[in-house]
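Peer 1: At position 115 of the sequence shown the residue is numbered 115 (the UniProt record's numbering), and the sequence of numbers has no breaks.
Every residue, glycine too, gets a C-beta built ideally from N, C-alpha and C.
All figures in this text were calculated on a predicted structure; none of them were measured in a lab.
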Amino acid sequence: PGSPRRLGALSTAQLRALLQDEPRLQRAARLSRKFQSLQLEREMCLASNCTQARVNLSLRPRLEDGKASLAIKYQELQEIREACWDKQQRLEAYLEKWSPQSALGQLQAKLDASEAESEAQIKQFLAQDLPLESFLESFCQSRTRSHVCRTQLEKLQELLQK
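#1: Return yes when the Cβ of Glu-117 is within less than 7 Å of the Cβ of Ser-142, no when it is not.
#2: What residues in its chain sit with their C-beta under 8 Å from that of Leu-156, if we drop five residues either side in the sequence?
#3: Arg-81 to Gln-88, Cα distance in whole Å?
#4: Note down the Cα distance separating Glu-96 from Arg-90, rounded to an integer number of angstroms.
#5: Indicate whether Pro-138 and Ser-114 have their beta-carbon atoms separated by less than 7 Å.
#6: For Gln-121, count neighbouring Cβ atoms within 10 angstroms of its own Cβ and tell me buried if that reaches 16, exposed if not.
#7: Quick check: Gln-124 and Leu-130, are their CB atoms within less than 7 Å of each other?
#8: Comparing C-alpha positions only, which one of Ala-109, Glu-158, Gln-128, Leu-126 sits nearest to Cys-149?
#9: Once DSSP output is grouped into helix, strand and coil, what is the label at Arg-93?
#10: Quick one: what's got a C-beta closer than 8 Å to Ser-11's C-beta in the same chain, skipping five residues either side?
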């Protein structure tokens with residue numbers, strides 16, 4: 001009594017007796033084709049899982065090496081990112097310091113200082129605190145600097161207006 005066909009041939013009393021006899025019921029279940037098919041499928045799944053587990057375990061060193069390599073790459077990326085950020089900050093500071101507007105301001109300050117120096121030399125000369133030769137030499141140099149600064153300032157202003 002293992003197949004459903006054979007069980008169908010049993011009487012009600014025989015079926016009740018079978019239900020009461022646990023070892024005989026288990027033996028009948030084990031002998032059924034469905035059970036054997038499921039058992040075979042289970043064993044095949046276990047074998048497949050075992051094979052897949054071995055493959056996965058064999059790949060573990062490669063995975064660990066890949067993780068370590070990735071961590072190193074991320075560290076390098078972080079260092080490069082920081083270096084780029086530092087360079088960007090320096091570049092922005094440089095561009096701000098050497099912008100055309102900044103150059104105009106510096107030239108204007110230089111021109112103002114040169115003009116003030118010329119005025120101070122004239123006052124010293126008029127107060128007779130500066131001899132004529134010294135005055136002429138320093139005043140000429142001061143006026144030359146003023147002229148060069150004014151010319152540079154005007155040229156830069158022209159360039160910026162274009």
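Peer 2: Judging by the given coordinates:
#1: Counted from its first residue, the sequence shown places residue 142 at position 142. Counted from its first residue, the sequence shown places residue 117 at position 117. The Cβ-Cβ distance between Ser-142 and Glu-117 falls below 7 Å.
#2: Indexing the sequence shown from 1 puts residue 156 at position 156. Exclusion of the five residues before and after Leu-156 leaves Pro-100, Ala-103, Leu-104, Leu-107 as the residues of its chain whose Cβ lies within less than 8 Å of its Cβ.
#3: Within the sequence shown, residue 81 is the residue found at index 81, counting from 1. Within the sequence shown, residue 88 is the residue found at index 88, counting from 1. CA-to-CA, the gap between Arg-81 and Gln-88 works out to about 10 Å.
#4: The residue you call residue 96 lines up with position 96 of the sequence shown. The residue you call residue 90 lines up with position 90 of the sequence shown. C-alpha separation (whole angstroms): 10 Å.
#5: On the sequence shown, residue 138 is found 138 positions in, with the first residue counted as 1. On the sequence shown, residue 114 is found 114 positions in, with the first residue counted as 1. Reading the sequence as shown, one finds Ser at residue 138 and not Pro. With respect to Ser-114, Ser-138 sits apart: the two C-beta atoms are not nearer than 7 Å.
#6: Numbered from 1 along the sequence shown, position 121 holds the residue referred to as residue 121. Within 10 angstroms of the beta-carbon of Gln-121 lie 16 or more other beta-carbons, which makes it buried.
#7: As a first step, residue 124 must be located in the sequence shown, where it is residue number 124. As a first step, residue 130 must be located in the sequence shown, where it is residue number 130. Taking 7 Å as the cut-off, the Cβ atoms of Gln-124 and Leu-130 count as close.
#8: What you label residue 149 is simply residue 149 of the sequence shown in a count that begins at 1. Checked all of Ala-109, Glu-158, Gln-128, Leu-126; the closest Cα to Cys-149 is Ala-109.
#9: Your numbering for residue 93 matches position 93 in the sequence shown. With the sequence shown as reference, residue 93 is identified as Ala, and Arg is not the correct amino acid for it. Secondary structure at Ala-93: helix, using DSSP grouped into helix, strand and coil.
#10: Within the sequence shown, the letter at position 11 stands for residue 11. Excluding positions up to five away in sequence, the list is empty.
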